[in-house]
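Notes follow once the structure below has been shown.
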Amino acid sequence: MISELRFYLTLFWRRLPLFLLIFVPIAVGAILLALSLPPVYRAQMRLVVESSQIPGNLAQSTVDTPVQEQLELFQTRLMTRDNLLSIADQVRPFRDQATMSPDQIVQAMRAATVIRSTAGTRGQALVMTVSFDSQYPAATVRVLDAYLTFILNEDAQYRSQRAGQTQEFFQQEVDRLGMAMSEQGAKIVAFKNQNADALPDGLQYRRDLLLSLQDRVTQNDRERAGLEEQRQRLLQAYELTGRVTGSGAQLSPQEQRIQQLRDELSELESVYAPDSPRVVSLKRRIAQLETAFAASSGSQTPGESADPAKALLDAQTADIDARLKQLAEDHDRLQTQLTSVQEQIDRTPGNAVTLESLQRDYDNIQSQYNRATDSLARASTGERIETLSRGQRMSVVERATQPSVPIKPNRKQLVALGLFAGLAVATGALLALEFLSGTIHRSRDLVAGLGITPMVTIPMMRSNAEVRAIRMRRIGLSLLIGIVLPLLLWGIHTYYIPFDELARKVAGRIGIIL
3 MISELRFYLT LFWRRLPLFL LIFVPIAVGA ILLALSLPPV YRAQMRLVVE SSQIPGNLAQ
63 STVDTPVQEQ LELFQTRLMT RDNLLSIADQ VRPFRDQATM SPDQIVQAMR AATVIRSTAG
123 TRGQALVMTV SFDSQYPAAT VRVLDAYLTF ILNEDAQYRS QRAGQTQEFF QQEVDRLGMA
183 MSEQGAKIVA FKNQNADALP DGLQYRRDLL LSLQDRVTQN DRERAGLEEQ RQRLLQAYEL
243 TGRVTGSGAQ LSPQEQRIQQ LRDELSELES VYAPDSPRVV SLKRRIAQLE TAFAASSGSQ
303 TPGESADPAK ALLDAQTADI DARLKQLAED HDRLQTQLTS VQEQIDRTPG NAVTLESLQR
363 DYDNIQSQYN RATDSLARAS TGERIETLSR GQRMSVVERA TQPSVPIKPN RKQLVALGLF
423 AGLAVATGAL LALEFLSGTI HRSRDLVAGL GITPMVTIPM MRSNAEVRAI RMRRIGLSLL
483 IGIVLPLLLW GIHTYYIPFD ELARKVAGRI GIIL
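Letter by letter, the sequence shown follows residues 3 to 516 in the working numbering.
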(Lines of atoms letter the chains of each structure in order from A; the text may use other names.)
(Lines give C-alpha, C1' and ligand atoms only; values in the text may rest on other atoms or scores of the structure.)
Protein backbone atom coordinates (compact mmCIF):
# COMPACT_ATOMS: atom_id res chain seq x y z
CA MET A 3 0.00 0.00 0.00
CA ILE A 4 2.78 2.38 0.95
CA SER A 5 4.75 1.44 -2.13
CA GLU A 6 1.72 2.11 -4.33
CA LEU A 7 1.20 5.51 -2.75
CA ARG A 8 4.86 6.32 -3.14
CA PHE A 9 4.71 5.27 -6.79
CA TYR A 10 1.76 7.56 -7.57
CA LEU A 11 3.33 10.44 -5.68
CA THR A 12 6.45 9.96 -7.73
CA LEU A 13 4.43 10.01 -10.93
CA PHE A 14 2.59 13.16 -9.75
CA TRP A 15 5.91 14.81 -8.95
CA ARG A 16 7.17 14.01 -12.43
CA ARG A 17 4.01 15.44 -14.04
CA LEU A 18 3.70 18.43 -11.70
CA PRO A 19 4.51 21.06 -14.36
CA LEU A 20 1.84 19.59 -16.69
CA PHE A 21 -0.64 19.45 -13.81
CA LEU A 22 0.03 23.08 -12.98
CA LEU A 23 -0.16 24.07 -16.65
CA ILE A 24 -3.74 22.77 -16.72
CA PHE A 25 -4.88 23.51 -13.18
CA VAL A 26 -3.56 27.07 -12.81
CA PRO A 27 -5.33 28.66 -15.84
CA ILE A 28 -8.66 27.10 -14.88
CA ALA A 29 -8.40 28.00 -11.22
CA VAL A 30 -7.02 31.51 -11.83
CA GLY A 31 -9.60 32.11 -14.56
CA ALA A 32 -12.42 31.04 -12.21
CA ILE A 33 -11.04 33.25 -9.43
CA LEU A 34 -10.69 36.27 -11.72
CA LEU A 35 -14.16 35.62 -13.16
CA ALA A 36 -15.71 35.34 -9.70
CA LEU A 37 -14.00 38.55 -8.61
CA SER A 38 -14.81 40.49 -11.78
CA LEU A 39 -18.43 39.50 -12.33
CA PRO A 40 -20.63 42.46 -11.45
CA PRO A 41 -23.31 41.93 -8.80
CA VAL A 42 -26.83 41.30 -10.04
CA TYR A 43 -29.77 42.68 -8.06
CA ARG A 44 -33.34 41.50 -8.17
CA ALA A 45 -36.51 43.43 -7.35
CA GLN A 46 -40.03 42.02 -7.47
CA MET A 47 -43.60 43.15 -7.15
CA ARG A 48 -46.83 41.29 -6.50
CA LEU A 49 -50.19 41.94 -8.14
CA VAL A 50 -53.55 40.39 -7.35
CA VAL A 51 -56.71 40.09 -9.41
CA GLU A 52 -59.51 41.40 -7.19
CA SER A 53 -63.10 40.27 -7.52
CA SER A 54 -65.84 42.67 -8.50
CA GLN A 55 -66.86 45.14 -5.80
CA ILE A 56 -70.52 44.89 -6.83
CA PRO A 57 -72.37 41.59 -6.21
CA GLY A 58 -73.07 39.70 -9.40
CA ASN A 59 -76.73 39.15 -8.50
CA LEU A 60 -77.28 42.93 -8.50
CA ALA A 61 -75.21 44.04 -11.48
CA GLN A 62 -72.76 42.04 -13.52
CA SER A 63 -69.87 43.22 -15.63
CA THR A 64 -69.91 42.25 -19.30
CA VAL A 65 -66.18 41.42 -19.24
CA ASP A 66 -66.15 37.74 -18.28
CA THR A 67 -62.72 36.68 -19.56
CA PRO A 68 -61.16 34.05 -17.24
CA VAL A 69 -58.57 35.48 -14.87
CA GLN A 70 -55.78 33.16 -15.99
CA GLU A 71 -56.44 34.05 -19.61
CA GLN A 72 -56.24 37.75 -18.76
CA LEU A 73 -52.90 37.28 -17.01
CA GLU A 74 -51.50 35.35 -19.95
CA LEU A 75 -52.74 38.06 -22.30
CA PHE A 76 -51.09 40.80 -20.22
CA GLN A 77 -47.85 38.82 -20.01
CA THR A 78 -47.81 38.31 -23.77
CA ARG A 79 -48.38 41.99 -24.45
CA LEU A 80 -45.82 42.99 -21.81
CA MET A 81 -43.12 40.84 -23.40
CA THR A 82 -43.60 42.24 -26.90
CA ARG A 83 -40.49 43.47 -28.68
CA ASP A 84 -41.57 47.10 -29.02
CA ASN A 85 -42.59 47.40 -25.38
CA LEU A 86 -39.35 45.87 -24.07
CA LEU A 87 -37.21 48.05 -26.33
CA SER A 88 -39.10 51.15 -25.20
CA ILE A 89 -38.65 50.33 -21.51
CA ALA A 90 -34.98 49.40 -22.00
CA ASP A 91 -34.36 52.66 -23.85
CA GLN A 92 -35.90 54.64 -20.99
CA VAL A 93 -34.31 52.79 -18.06
CA ARG A 94 -31.09 51.36 -19.61
CA PRO A 95 -30.79 48.45 -17.15
CA PHE A 96 -27.72 46.84 -18.76
CA ARG A 97 -24.12 47.97 -18.38
CA ASP A 98 -23.07 47.50 -21.98
CA GLN A 99 -26.47 48.29 -23.53
CA ALA A 100 -24.92 50.84 -25.91
CA THR A 101 -23.06 48.07 -27.73
CA MET A 102 -25.97 45.61 -27.75
CA SER A 103 -28.18 45.05 -30.78
CA PRO A 104 -31.99 45.34 -30.45
CA ASP A 105 -32.32 41.57 -30.61
CA GLN A 106 -29.80 41.17 -27.80
CA ILE A 107 -31.60 43.79 -25.70
CA VAL A 108 -34.94 42.04 -26.16
CA GLN A 109 -33.39 38.68 -25.35
CA ALA A 110 -31.69 40.11 -22.26
CA MET A 111 -34.91 41.79 -21.07
CA ARG A 112 -36.86 38.57 -21.43
CA ALA A 113 -34.13 36.59 -19.69
CA ALA A 114 -34.01 39.06 -16.81
CA THR A 115 -37.82 39.10 -16.35
CA VAL A 116 -39.55 36.33 -14.43
CA ILE A 117 -43.38 36.22 -14.23
CA ARG A 118 -45.21 33.68 -12.10
CA SER A 119 -48.95 33.31 -11.49
CA THR A 120 -50.11 31.45 -8.41
CA ALA A 121 -53.55 30.78 -6.98
CA GLY A 122 -54.51 33.19 -4.24
CA THR A 123 -56.35 32.60 -1.01
CA ARG A 124 -59.58 34.32 -2.02
CA GLY A 125 -61.33 31.89 -4.26
CA GLN A 126 -60.89 33.01 -7.84
CA ALA A 127 -58.23 35.61 -7.04
CA LEU A 128 -54.80 35.03 -8.55
CA VAL A 129 -51.47 36.46 -7.45
CA MET A 130 -49.03 37.57 -10.13
CA THR A 131 -45.36 37.96 -9.17
CA VAL A 132 -43.04 39.89 -11.50
CA SER A 133 -39.30 40.16 -10.88
CA PHE A 134 -36.41 41.73 -12.80
CA ASP A 135 -32.65 41.26 -12.56
CA SER A 136 -30.14 44.01 -13.28
CA GLN A 137 -26.63 45.12 -12.36
CA TYR A 138 -28.08 48.43 -11.16
CA PRO A 139 -30.39 48.25 -8.10
CA ALA A 140 -32.28 51.39 -9.08
CA ALA A 141 -32.83 50.08 -12.60
CA THR A 142 -34.70 47.03 -11.31
CA VAL A 143 -37.23 49.27 -9.57
CA ARG A 144 -37.65 51.54 -12.57
CA VAL A 145 -38.21 48.59 -14.90
CA LEU A 146 -40.81 47.04 -12.58
CA ASP A 147 -42.54 50.42 -12.21
CA ALA A 148 -42.73 50.60 -16.01
CA TYR A 149 -44.09 47.04 -16.05
CA LEU A 150 -46.66 47.96 -13.39
CA THR A 151 -47.81 51.04 -15.28
CA PHE A 152 -48.16 49.01 -18.46
CA ILE A 153 -50.09 46.19 -16.78
CA LEU A 154 -52.50 48.50 -14.93
CA ASN A 155 -53.10 50.61 -18.03
CA GLU A 156 -53.53 47.48 -20.11
CA ASP A 157 -56.01 46.05 -17.59
CA ALA A 158 -58.07 49.25 -17.43
CA GLN A 159 -57.96 49.74 -21.19
CA TYR A 160 -58.74 46.11 -21.89
CA ARG A 161 -61.76 45.99 -19.59
CA SER A 162 -63.15 49.38 -20.57
CA GLN A 163 -62.59 48.64 -24.24
CA ARG A 164 -64.30 45.25 -24.00
CA ALA A 165 -67.21 46.74 -22.07
CA GLY A 166 -67.45 49.65 -24.53
CA GLN A 167 -67.36 47.33 -27.51
CA THR A 168 -70.09 45.19 -25.96
CA GLN A 169 -72.28 48.23 -25.35
CA GLU A 170 -71.61 49.56 -28.85
CA PHE A 171 -72.51 46.20 -30.38
CA PHE A 172 -75.84 45.97 -28.58
CA GLN A 173 -76.57 49.64 -29.36
CA GLN A 174 -76.07 48.88 -33.03
CA GLU A 175 -78.28 45.80 -32.66
CA VAL A 176 -81.03 47.84 -31.01
CA ASP A 177 -80.86 50.48 -33.75
CA ARG A 178 -80.80 47.87 -36.49
CA LEU A 179 -83.69 45.84 -35.05
CA GLY A 180 -85.67 49.00 -34.33
CA MET A 181 -85.31 50.07 -37.95
CA ALA A 182 -86.18 46.56 -39.13
CA MET A 183 -89.24 46.55 -36.87
CA SER A 184 -90.35 49.93 -38.26
CA GLU A 185 -89.91 48.69 -41.82
CA GLN A 186 -91.83 45.51 -41.07
CA GLY A 187 -94.60 47.52 -39.39
CA ALA A 188 -94.78 49.77 -42.46
CA LYS A 189 -95.11 46.67 -44.64
CA ILE A 190 -97.98 45.42 -42.48
CA VAL A 191 -99.75 48.80 -42.60
CA ALA A 192 -99.29 49.05 -46.39
CA PHE A 193 -100.63 45.52 -46.85
CA LYS A 194 -103.64 46.25 -44.67
CA ASN A 195 -104.34 49.47 -46.57
CA GLN A 196 -104.08 47.67 -49.91
CA ASN A 197 -106.32 44.83 -48.73
CA ALA A 198 -108.60 46.67 -46.32
CA ASP A 199 -111.68 45.06 -47.92
CA ALA A 200 -110.36 41.48 -47.48
CA LEU A 201 -108.71 41.33 -44.08
CA PRO A 202 -109.31 38.38 -41.75
CA ASP A 203 -110.72 40.62 -39.03
CA GLY A 204 -113.76 41.50 -41.19
CA LEU A 205 -114.40 38.00 -42.50
CA GLN A 206 -117.45 37.38 -40.29
CA TYR A 207 -118.89 40.78 -41.19
CA ARG A 208 -118.48 40.06 -44.90
CA ARG A 209 -120.08 36.63 -44.48
CA ASP A 210 -123.06 38.22 -42.72
CA LEU A 211 -123.16 40.88 -45.41
CA LEU A 212 -123.09 38.17 -48.08
CA LEU A 213 -126.06 36.42 -46.48
CA SER A 214 -127.91 39.73 -46.18
CA LEU A 215 -127.27 40.56 -49.83
CA GLN A 216 -128.38 37.08 -50.87
CA ASP A 217 -131.61 37.56 -48.89
CA ARG A 218 -132.16 40.97 -50.48
CA VAL A 219 -131.57 39.52 -53.96
CA THR A 220 -134.04 36.74 -53.20
CA GLN A 221 -136.56 39.26 -51.91
CA ASN A 222 -135.98 41.44 -54.97
CA ASP A 223 -136.61 38.46 -57.19
CA ARG A 224 -139.82 37.68 -55.35
CA GLU A 225 -141.01 41.29 -55.58
CA ARG A 226 -140.27 41.41 -59.27
CA ALA A 227 -142.02 38.10 -59.80
CA GLY A 228 -145.03 39.39 -57.82
CA LEU A 229 -145.17 42.61 -59.82
CA GLU A 230 -144.85 40.71 -63.09
CA GLU A 231 -147.68 38.43 -62.01
CA GLN A 232 -149.74 41.41 -60.89
CA ARG A 233 -149.17 43.16 -64.23
CA GLN A 234 -150.10 39.99 -66.06
CA ARG A 235 -153.30 39.65 -64.07
CA LEU A 236 -154.26 43.24 -64.78
CA LEU A 237 -153.76 42.75 -68.48
CA GLN A 238 -155.63 39.48 -68.47
CA ALA A 239 -158.48 40.94 -66.47
CA TYR A 240 -158.71 43.93 -68.78
CA GLU A 241 -158.67 41.74 -71.83
CA LEU A 242 -161.44 39.57 -70.44
CA THR A 243 -163.63 42.15 -68.75
CA GLY A 244 -162.57 45.45 -70.14
CA ARG A 245 -162.14 46.55 -66.59
CA VAL A 246 -159.27 46.70 -64.19
CA THR A 247 -159.48 44.74 -60.96
CA GLY A 248 -158.82 46.54 -57.85
CA SER A 249 -160.63 49.71 -59.24
CA GLY A 250 -163.98 49.40 -57.45
CA ALA A 251 -163.68 52.85 -55.99
CA GLN A 252 -163.86 54.35 -59.53
CA LEU A 253 -166.55 52.01 -61.03
CA SER A 254 -170.30 52.24 -60.84
CA PRO A 255 -172.30 49.51 -59.09
CA GLN A 256 -173.30 48.06 -62.48
CA GLU A 257 -169.69 47.96 -63.56
CA GLN A 258 -168.64 46.36 -60.30
CA ARG A 259 -171.30 43.71 -60.78
CA ILE A 260 -170.18 43.06 -64.35
CA GLN A 261 -166.56 42.75 -63.11
CA GLN A 262 -167.59 40.26 -60.45
CA LEU A 263 -169.44 38.15 -63.01
CA ARG A 264 -166.46 38.24 -65.30
CA ASP A 265 -164.26 36.98 -62.44
CA GLU A 266 -166.72 34.18 -61.83
CA LEU A 267 -166.72 33.39 -65.56
CA SER A 268 -162.96 33.20 -65.57
CA GLU A 269 -163.05 30.76 -62.68
CA LEU A 270 -165.80 28.63 -64.30
CA GLU A 271 -163.95 28.49 -67.61
CA SER A 272 -160.96 27.12 -65.79
CA VAL A 273 -163.15 24.31 -64.44
CA TYR A 274 -165.99 23.63 -66.98
CA ALA A 275 -166.11 23.33 -70.68
CA PRO A 276 -167.10 26.35 -72.79
CA ASP A 277 -170.47 24.81 -73.73
CA SER A 278 -171.31 24.00 -70.13
CA PRO A 279 -174.77 25.28 -69.22
CA ARG A 280 -173.40 27.24 -66.28
CA VAL A 281 -170.76 28.91 -68.44
CA VAL A 282 -173.30 29.66 -71.20
CA SER A 283 -175.82 30.98 -68.69
CA LEU A 284 -173.21 33.22 -67.00
CA LYS A 285 -172.09 34.61 -70.35
CA ARG A 286 -175.73 35.42 -71.29
CA ARG A 287 -176.23 37.21 -68.02
CA ILE A 288 -173.00 39.23 -68.43
CA ALA A 289 -174.12 40.22 -71.93
CA GLN A 290 -177.49 41.38 -70.64
CA LEU A 291 -175.87 43.48 -67.90
CA GLU A 292 -173.46 45.05 -70.35
CA THR A 293 -176.33 45.85 -72.71
CA ALA A 294 -178.33 47.43 -69.92
CA PHE A 295 -175.32 49.41 -68.71
CA ALA A 296 -174.60 50.66 -72.23
CA ALA A 297 -178.24 51.73 -72.70
CA SER A 298 -178.26 53.58 -69.44
CA SER A 299 -175.05 55.47 -70.31
CA GLY A 300 -176.48 56.56 -73.75
CA SER A 301 -174.08 54.47 -75.83
CA GLN A 302 -174.77 51.58 -78.08
CA THR A 303 -171.80 49.46 -76.85
CA PRO A 304 -169.36 49.79 -73.99
CA GLY A 305 -166.37 49.81 -76.30
CA GLU A 306 -167.64 52.89 -78.19
CA SER A 307 -167.62 55.23 -75.18
CA ALA A 308 -164.61 56.66 -73.30
CA ASP A 309 -162.95 53.84 -71.29
CA PRO A 310 -161.74 54.97 -67.83
CA ALA A 311 -160.60 51.40 -67.12
CA LYS A 312 -158.07 51.67 -69.90
CA ALA A 313 -156.64 54.81 -68.39
CA LEU A 314 -156.53 53.16 -65.00
CA LEU A 315 -154.84 50.08 -66.53
CA ASP A 316 -152.21 52.26 -68.16
CA ALA A 317 -151.59 54.11 -64.91
CA GLN A 318 -151.25 50.90 -62.92
CA THR A 319 -149.05 49.18 -65.50
CA ALA A 320 -146.86 52.29 -65.71
CA ASP A 321 -146.47 52.26 -61.95
CA ILE A 322 -145.70 48.56 -61.99
CA ASP A 323 -143.16 49.07 -64.81
CA ALA A 324 -141.46 51.84 -62.83
CA ARG A 325 -141.24 49.64 -59.79
CA LEU A 326 -139.95 46.76 -61.91
CA LYS A 327 -137.29 49.02 -63.42
CA GLN A 328 -136.25 50.17 -59.95
CA LEU A 329 -136.15 46.59 -58.71
CA ALA A 330 -134.04 45.59 -61.75
CA GLU A 331 -131.58 48.34 -60.99
CA ASP A 332 -131.53 47.28 -57.36
CA HIS A 333 -130.97 43.68 -58.46
CA ASP A 334 -127.99 44.64 -60.61
CA ARG A 335 -126.52 46.73 -57.79
CA LEU A 336 -127.08 43.95 -55.25
CA GLN A 337 -125.57 41.40 -57.62
CA THR A 338 -122.50 43.59 -58.09
CA GLN A 339 -122.14 43.97 -54.33
CA LEU A 340 -122.67 40.25 -53.91
CA THR A 341 -119.91 39.46 -56.42
CA SER A 342 -117.56 41.96 -54.78
CA VAL A 343 -118.19 40.59 -51.30
CA GLN A 344 -117.74 37.04 -52.54
CA GLU A 345 -114.42 38.02 -54.13
CA GLN A 346 -113.33 39.64 -50.88
CA ILE A 347 -114.22 36.52 -48.95
CA ASP A 348 -112.29 34.40 -51.46
CA ARG A 349 -109.22 36.67 -51.07
CA THR A 350 -109.36 36.64 -47.28
CA PRO A 351 -107.60 33.25 -46.65
CA GLY A 352 -104.62 34.23 -48.82
CA ASN A 353 -104.44 37.64 -47.18
CA ALA A 354 -104.65 35.94 -43.78
CA VAL A 355 -101.64 33.75 -44.60
CA THR A 356 -99.64 36.71 -45.92
CA LEU A 357 -100.60 38.90 -42.99
CA GLU A 358 -99.78 36.12 -40.55
CA SER A 359 -96.35 35.75 -42.15
CA LEU A 360 -95.72 39.48 -41.94
CA GLN A 361 -96.92 39.56 -38.34
CA ARG A 362 -94.79 36.55 -37.46
CA ASP A 363 -91.71 38.27 -38.86
CA TYR A 364 -92.64 41.38 -36.93
CA ASP A 365 -93.04 39.40 -33.71
CA ASN A 366 -89.67 37.71 -34.25
CA ILE A 367 -87.98 41.05 -34.83
CA GLN A 368 -89.72 42.50 -31.79
CA SER A 369 -88.59 39.54 -29.67
CA GLN A 370 -85.01 40.09 -30.85
CA TYR A 371 -85.40 43.79 -30.22
CA ASN A 372 -86.61 43.18 -26.66
CA ARG A 373 -83.68 40.84 -25.96
CA ALA A 374 -81.24 43.31 -27.50
CA THR A 375 -82.71 46.12 -25.42
CA ASP A 376 -82.34 44.06 -22.26
CA SER A 377 -78.77 43.15 -23.23
CA LEU A 378 -78.03 46.80 -23.97
CA ALA A 379 -79.24 47.78 -20.51
CA ARG A 380 -76.99 45.16 -18.91
CA ALA A 381 -74.09 46.17 -21.19
CA SER A 382 -74.57 49.81 -20.18
CA THR A 383 -74.50 48.83 -16.52
CA GLY A 384 -71.38 46.71 -17.11
CA GLU A 385 -69.69 49.55 -18.99
CA ARG A 386 -70.50 51.90 -16.12
CA ILE A 387 -69.04 49.41 -13.66
CA GLU A 388 -65.80 49.17 -15.65
CA THR A 389 -65.61 52.95 -16.15
CA LEU A 390 -65.83 53.49 -12.40
CA SER A 391 -63.38 50.60 -11.76
CA ARG A 392 -65.92 48.74 -9.67
CA GLY A 393 -65.49 45.42 -11.47
CA GLN A 394 -62.76 42.84 -11.41
CA ARG A 395 -59.36 44.56 -11.59
CA MET A 396 -55.63 44.27 -11.03
CA SER A 397 -54.27 45.85 -7.86
CA VAL A 398 -50.83 46.10 -6.29
CA VAL A 399 -50.16 43.98 -3.23
CA GLU A 400 -46.47 44.68 -2.94
CA ARG A 401 -44.60 47.36 -4.88
CA ALA A 402 -41.02 46.94 -6.01
CA THR A 403 -38.36 48.22 -3.60
CA GLN A 404 -34.71 48.83 -4.37
CA PRO A 405 -32.66 45.75 -3.41
CA SER A 406 -29.57 46.16 -1.21
CA VAL A 407 -28.11 42.65 -1.46
CA PRO A 408 -27.23 41.07 -4.82
CA ILE A 409 -28.62 37.67 -5.64
CA LYS A 410 -25.62 36.66 -7.75
CA PRO A 411 -22.88 35.85 -8.41
CA ASN A 412 -21.98 33.54 -5.52
CA ARG A 413 -18.28 34.25 -5.61
CA LYS A 414 -17.25 31.57 -3.12
CA GLN A 415 -19.19 28.99 -5.06
CA LEU A 416 -17.61 30.11 -8.34
CA VAL A 417 -14.09 29.93 -6.84
CA ALA A 418 -14.76 26.50 -5.39
CA LEU A 419 -16.24 25.34 -8.65
CA GLY A 420 -13.24 26.67 -10.57
CA LEU A 421 -10.75 24.98 -8.25
CA PHE A 422 -12.67 21.72 -8.45
CA ALA A 423 -12.93 21.95 -12.23
CA GLY A 424 -9.19 22.71 -12.57
CA LEU A 425 -8.29 19.86 -10.26
CA ALA A 426 -10.59 17.44 -12.06
CA VAL A 427 -9.42 18.41 -15.53
CA ALA A 428 -5.73 18.30 -14.62
CA THR A 429 -6.05 14.99 -12.83
CA GLY A 430 -8.01 13.51 -15.67
CA ALA A 431 -5.42 14.69 -18.17
CA LEU A 432 -2.58 13.12 -16.14
CA LEU A 433 -4.42 9.83 -15.83
CA ALA A 434 -5.26 9.75 -19.51
CA LEU A 435 -1.66 10.54 -20.40
CA GLU A 436 -0.33 7.78 -18.20
CA PHE A 437 -2.78 5.15 -19.40
CA LEU A 438 -2.38 6.02 -23.06
CA SER A 439 1.42 6.55 -23.14
CA GLY A 440 2.37 2.89 -22.62
CA THR A 441 5.51 3.81 -20.65
CA ILE A 442 7.01 1.03 -18.45
CA HIS A 443 7.63 2.17 -14.88
CA ARG A 444 7.62 -1.05 -12.84
CA SER A 445 8.32 -4.74 -13.19
CA ARG A 446 4.58 -5.45 -13.29
CA ASP A 447 4.42 -3.32 -16.40
CA LEU A 448 6.90 -5.75 -18.00
CA VAL A 449 4.80 -8.73 -16.99
CA ALA A 450 1.62 -7.06 -18.24
CA GLY A 451 3.12 -5.71 -21.44
CA LEU A 452 5.62 -8.43 -22.50
CA GLY A 453 4.25 -11.49 -20.71
CA ILE A 454 7.59 -12.30 -19.02
CA THR A 455 8.63 -12.27 -15.42
CA PRO A 456 12.04 -10.58 -14.88
CA MET A 457 14.44 -12.09 -12.37
CA VAL A 458 15.47 -8.65 -11.13
CA THR A 459 14.85 -5.01 -12.13
CA ILE A 460 17.56 -2.39 -12.01
CA PRO A 461 16.32 1.22 -11.85
CA MET A 462 18.00 4.05 -13.74
CA MET A 463 21.03 5.18 -11.79
CA ARG A 464 21.64 8.96 -11.68
CA SER A 465 24.21 10.95 -9.83
CA ASN A 466 23.30 13.33 -7.10
CA ALA A 467 24.04 16.26 -9.37
CA GLU A 468 21.69 14.94 -12.01
CA VAL A 469 19.00 14.35 -9.42
CA ARG A 470 19.39 17.88 -8.08
CA ALA A 471 19.36 19.32 -11.58
CA ILE A 472 16.16 17.50 -12.48
CA ARG A 473 14.58 18.52 -9.19
CA MET A 474 15.53 22.16 -9.63
CA ARG A 475 14.26 22.14 -13.19
CA ARG A 476 10.90 20.78 -12.11
CA ILE A 477 10.65 23.23 -9.23
CA GLY A 478 11.57 26.11 -11.47
CA LEU A 479 9.13 25.12 -14.13
CA SER A 480 6.40 24.66 -11.56
CA LEU A 481 7.15 28.06 -10.04
CA LEU A 482 7.21 29.60 -13.47
CA ILE A 483 3.84 28.13 -14.31
CA GLY A 484 2.40 28.89 -10.86
CA ILE A 485 3.59 32.54 -10.84
CA VAL A 486 4.05 33.74 -14.39
CA LEU A 487 0.87 32.18 -15.81
CA PRO A 488 -1.42 33.73 -13.16
CA LEU A 489 0.27 37.07 -13.74
CA LEU A 490 -0.21 36.67 -17.49
CA LEU A 491 -3.89 35.86 -17.02
CA TRP A 492 -4.30 38.81 -14.67
CA GLY A 493 -2.69 41.07 -17.23
CA ILE A 494 -5.01 39.84 -19.94
CA HIS A 495 -8.01 40.35 -17.64
CA THR A 496 -6.87 43.81 -16.60
CA TYR A 497 -5.47 45.33 -19.78
CA TYR A 498 -6.99 43.41 -22.65
CA ILE A 499 -10.44 41.94 -21.96
CA PRO A 500 -12.12 41.25 -18.63
CA PHE A 501 -12.95 37.66 -18.03
CA ASP A 502 -16.62 38.46 -17.33
CA GLU A 503 -16.93 40.16 -20.71
CA LEU A 504 -15.11 37.28 -22.35
CA ALA A 505 -17.47 34.85 -20.62
CA ARG A 506 -20.52 36.83 -21.85
CA LYS A 507 -19.22 36.85 -25.39
CA VAL A 508 -18.55 33.13 -25.34
CA ALA A 509 -21.98 32.48 -23.79
CA GLY A 510 -23.62 34.76 -26.33
CA ARG A 511 -22.02 32.79 -29.16
CA ILE A 512 -23.69 29.65 -27.87
CA GLY A 513 -27.01 31.38 -27.13
CA ILE A 514 -26.71 31.90 -23.36
CA ILE A 515 -27.40 35.25 -21.69
CA LEU A 516 -25.28 35.92 -18.59
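Ideal Cβ positions, reconstructed from N, Cα and C, are used throughout, including at glycine. If you're wondering where the values come from, they're calculated on a predicted model, not measured in any experiment.
Between the alpha carbons of LEU20 and PRO27 lies a distance of about 12 Å. The segment 134-154 and the segment 29-49 touch, with no fewer than 3 CB-CB distances between them shorter than 8 Å. Judged by DSSP in its simplified three-state form, SER272 adopts coil rather than helix or strand.
By the Cβ rule, the segment 71-88 does not count as touching the segment 184-193, because fewer than three pairs are nearer than 8 Å. Around the CB of TYR138, 16 or more other CB atoms lie within 10 Å, so the residue is classed as buried. Residue pairing of SER136 in beta bridges, as defined by DSSP: TYR43.
In the three-state scheme derived from DSSP, where H, G and I count as helix and E and B as strand, SER377 is classed as helix. When beta bridges are read from the DSSP output, VAL398 appears opposite LEU49.
Around PHE76, the same chain offers ILE153, GLU156 as residues with beta carbons nearer than 6 Å, after the five sequence neighbours per side are excluded. Per DSSP, reduced to three states, the secondary structure at SER283 is helical. For LEU150, the closest of ARG209, LEU35, ASP323, VAL50 by C-alpha to C-alpha distance is VAL50. Residues of the same chain with a CB within less than 6 Å of the CB of ALA423, apart from the 5 flanking positions on each side, are ILE28 in chain order. Per DSSP, the unbroken alpha helix (DSSP H) holding ILE107 starts and ends at 104-114. Taking the Cα positions, TRP492 is about 60 Å away from GLN163.
Contiguous alpha helix (DSSP H) elements confined to the segment 400-439 occur at 413-439, taking only those with 4 or more residues. Taking all protein chains in view, the Cβ of ASP135 is crowded by 16 or more other Cβ atoms within 10 Å, so the residue is classified as buried.
Taking C-beta separations shorter than 6 Å and ignoring five residues to either side along the sequence, the partners of ARG97 in its chain run GLN137, following chain order.
Apart from sequence neighbours up to five positions away, the residues of its chain that approach ARG17 with a beta-carbon distance below 6 Å are LEU432, ordered along the chain. In the structure shown, ILE367 falls within a helical segment according to DSSP collapsed to helix, strand and coil.
Under the three-pair Cβ rule at 8 Å, the segment 322-338 counts as touching the segment 211-231. Under a 10 Å Cβ-count criterion, LEU378 is classified as buried, with 16 or more other Cβ atoms of the shown protein chains found around its own Cβ.
Spatial neighbours of GLN344 in its own chain (CB-CB distance under 6 Å, excluding positions within 5 residues in sequence) are not present. Residue environment for THR101: exposed (fewer than 16 other C-beta atoms within 10 angstroms of its C-beta).
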